[in-house]
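Numbering (our numbering), first residue to last: 26 to 164. Idealized CB from N, CA, C, for every residue including glycine. Since we're looking at a predicted model, the values are computed, not measured. Structure record follows, encoded as structure tokens.
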């Protein structure tokens, strides 16, 4: 009696196919995990930037100006800490921009806001800086 043709897969072919699939799935899942971590990091940087912009707006509209430097945490986002700095600013070209007109003087201040948080035991920080010019009476 003649046997029919062998049209099935051998055990070796099946093992090779399963191994290739396992390697492929492992690579895909690693890429997917890395993408999720990057997405989470981006979301935290975006949140920190929005919080820093809000704190900067508070400083720019504070009365009386300039506000005192400070630090603290955000009530709604306690994992984020903020720190503010306000300092008189001198232009790189000197004090040519500082003018006195009668009983008033123009003062430029550098305002900085830093928002920081810990990401897997690594400190992260977003810093925003701006300049604000005010006219004050001479004393």
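**Environment of residue 61 [buried if 16+ CB atoms lie within 10 Å]** = Residue 61 sits exposed, since fewer than 16 C-beta atoms from the chains shown fall within 10 Å of its C-beta.
**Prompt:** Buried or exposed: which applies to residue 40, given that a residue is buried once 16 or more other Cβ atoms fall within 10 Å of its Cβ?
**Reply:** It counts as exposed.
**Asked** So is residue 136 buried or exposed if we call it buried at 16+ other beta carbons inside 10 Å?
**Response** With 16 or more other CB atoms across the displayed protein chains lying within 10 angstroms of its CB, residue 136 is buried.
**Message:** For residue 115, tell me which candidate among 134, 102, 56 has the shortest Cα-Cα distance.
**Reply:** Nearest C-alpha to residue 115 among 134, 102, 56: 134.
**Asked** With burial defined as no fewer than 16 other Cβ atoms inside 10 Å of the residue's Cβ, what is the status of residue 101: buried or exposed?
**Response** When all chains shown are included, residue 101 counts as exposed.
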